[in-house]
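Notes for the one structure printed next.
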Amino acid sequence: MGDLKMSKVLEQLKLLILTGIVILIGQQIGFGRDIVASIPGMVVVVIISQLALIIKAMLPNVKLPTFAYATIIPFLLSMPFMPTADWILSITGQVEFLGTTTPILAFAGISVGNKIGILKKLSWRIVIVAFAAFVGTFFGSAIIAQIVLSIQGII
Amino acid sequence: MAEDKKMFSPALIKGFVTVFIIVIISELIGINSFSVGIATVTLLPMLFAVILGILVTPSILGKVITPLKNLVDEDVVEFAAPMVMITLLPLGVKYGTLVGPNVVKIIQAGPAFILQEFGNVATIFVALPIALLLGLKREAVGASVSICREVTLGIMGDKYGIDSPEGTGTLGTYLVGTVLGTIFFGLLGSFSLATGLHPLALAMASGMGSGSMMTAASSSLAASVDPALSDTVLAYAATSNMLTGVTGLYVVLFISIPLVNKLYDILEPKIGRPAVKAKEGGKDNG
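The listed protein sequences derive, respectively, from chains F and P.
The opening position of the first sequence corresponds to residue 1 in my numbering, with each subsequent residue numbered one higher.
The opening position of the second sequence corresponds to residue 156 in my numbering, with each subsequent residue numbered one higher.
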């Protein structure tokens, strides 16, 4: 058992609730989702997120990111043969997928702010090579996937 | 952090106010699609959010606008880093609800999921020759071994030392990915449809072992395909990303590193250029 402090859980919950509020308002603006009507869905999303953080703290020796736990819980609950599937899909359906991405990227943008200086020091050559690496990985995987999915008759 | 005793630290308040404003602006701009030649590019609010986020930091606009520097200070930048992990969790929950209902389809596509993991090695054949033609030496090995997320950074740091030329190259690709990766993949995700590759193949390719890059690539891809297919696209991408999280370490360690070194030995005498110092390229920028 890892160490699980109540104060830490409350601290995380506070941050998750604030994030939930930002998402609720964001999806009202971007997708016309009524804020009040979406609260139950957001409460479920926040609870599962908090559970993921608690599991992560309790299993320090398992090298899985917290993100994985946050994905696994609703994955198990929403599999077709699960009695919980309809409930979890309809309630989390109140939360827009794209609505959850905007605050992440806003924080991500701010967090790299102090790395711009380091990036400027790098050679422009590395920037080109990095983009080549991204393109290579992306299309390398896509081409293999295309071939195998075609052979399997899935696409 | 001493201010943790308070319910809301100044960094927390300023951080959330800033993100709140960025989210409102980004959502007001909304989803924009336009054609570039044969491709359709879809710009999602998240793309505006990451650009606005970078712009408001002390090293960019904060430098010239004093009130902005007072709102988004260094403490806020520091606060933002762990917040990325926290804010990723609601997205993780949404991904789970996309993968669950598609579990049968995903198991059926299992062979494709596993084999496309080897596609990550393709980066070496694309990036290494370019690096050598640009005059990089051993930095080229580090920069083109993979897309260099945390796992690769760890392995390369361990094997060569992060201050070595190889480590510098890996760190370079890592930093470019951190700062520009989501913007790059946000554009590539929708643009890639113009290649004629199937959206599901592109969805698998979007899972590269980085949560934010996968999200950027697959969301813009999903927004550009037939709505009936978009949930499957997101589910495939999330699954592939998880798989890369598991296999990535072994692929880099046992395939990518030996392969990039072998290819370097073959190609460097043929297409290598006189050495340039990778770290002192600043003067070349002007």
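Note that CB positions come from ideal geometry on N, CA and C, so glycine has one too.
Review point. Using a Cβ-Cβ distance under 9 Å, would I39(F) count as near chain P?
Key: no
Review point. Going by DSSP, which residues form a beta bridge with T195(P)?
Key: Beta-bridge pairing links T195(P) to S190(P).
**Study point:** C-alpha distance - S141(F) paired with I73(F), whole-angstrom precision
**Key:** Counting only the Cα atoms, I73(F) lies some 28 Å from S141(F).
Point to revise | Three-state secondary structure assigned by DSSP to F81(F) | key: coil
Practice item. Kindly list, in the order they appear in chain F, the residues whose Cβ is closer than 7 Å to that of F189(P). Key: Result: empty, since nearest Cβ-Cβ is about 18 Å, beyond 7 Å.
Point to revise | Complete runs of the beta strand (DSSP E) confined to the region 205-253 of chain P [at least 3 residues] | key: DSSP assignment within the region 205-253 of chain P yields no whole beta strand (DSSP E) run of 3 residues or more.
Exercise for review: Kindly give me the distance between the Cβ atoms of G113(F) and I215(P), rounded to whole angstroms, as I take these residues to be in contact under 8 Å.
Suggested key: 7 Å
Review point. In the structure shown, what three-state DSSP assignment does E305(P) receive?
Key: helix
Check your understanding: Quick one: Cα of V156(F) to Cα of L202(P), how far?
Key -> Residue 156(F) falls outside the range modelled here, since chain F spans only 1 to 155, and no answer is possible.
Check your understanding: Along the chain, which unbroken stretches of the beta strand (DSSP E) at least 3 residues long are found entirely within the region 23-93 of chain F?
Key -> none
Review point. Who are the neighbours of N275(P) on chain F, taking C-beta pairs under 7 Å?
Key: T137, G140, S141
Review point. Near I91(F), which residues of its chain fall below 7 Å by C-beta distance, leaving aside the five closest residues on each side in sequence?
Key: P40, G41, V44
Exercise for review: Give the secondary structure of F131(F) by DSSP, where H, G and I count as helix, E and B as strand, and everything else as coil.
Suggested key: helix
Review point. Under 9 Å between the Cβ atoms of P200(P) and T19(F)?
Key: Not in contact: P200(P) and T19(F) (Cβ atoms no closer than 9 Å).
Check your understanding: Given T402(P), which residues of its chain have a CB within under 7 Å of its CB, disregarding the five upstream and five downstream residues?
Key -> Residues of the same chain with a CB within less than 7 Å of the CB of T402(P), apart from the 5 flanking positions on each side, are E272 in chain order.
Review point. Any idea if Y405(P) is buried or exposed, counting beta-carbon neighbours within 10 angstroms, 16 or more meaning buried?
Key: exposed
Check your understanding: Residues in the region 283-299 of chain P with C-beta within 8 Å of chain F's C-beta atoms, listed in sequence order?
Key -> I285, A286, L289, G290, L291, E294, A295, A298, S299
Point to revise | Sequence ranges, beta strand (DSSP E) only - wholly within the region 265-347 of chain P, length at least 3 | key: DSSP assignment within the region 265-347 of chain P yields no whole beta strand (DSSP E) run of 3 residues or more.
Review point. Nearest-angstrom Cα distance between P165(P) and A267(P)?
Key: 49 Å
**Study point:** Backbone secondary structure at L156(F) - three-state DSSP
**Key:** The structure shown does not extend to residue 156(F), since chain F spans only 1 to 155, so no value can be given for it.
Point to revise | C-beta neighbour in chain F for M363(P), strict 9 Å | key: yes
Exercise for review: Give me the Cα-Cα distance between S385(P) and N257(P), rounded to the nearest whole angstrom.
Suggested key: 12 Å
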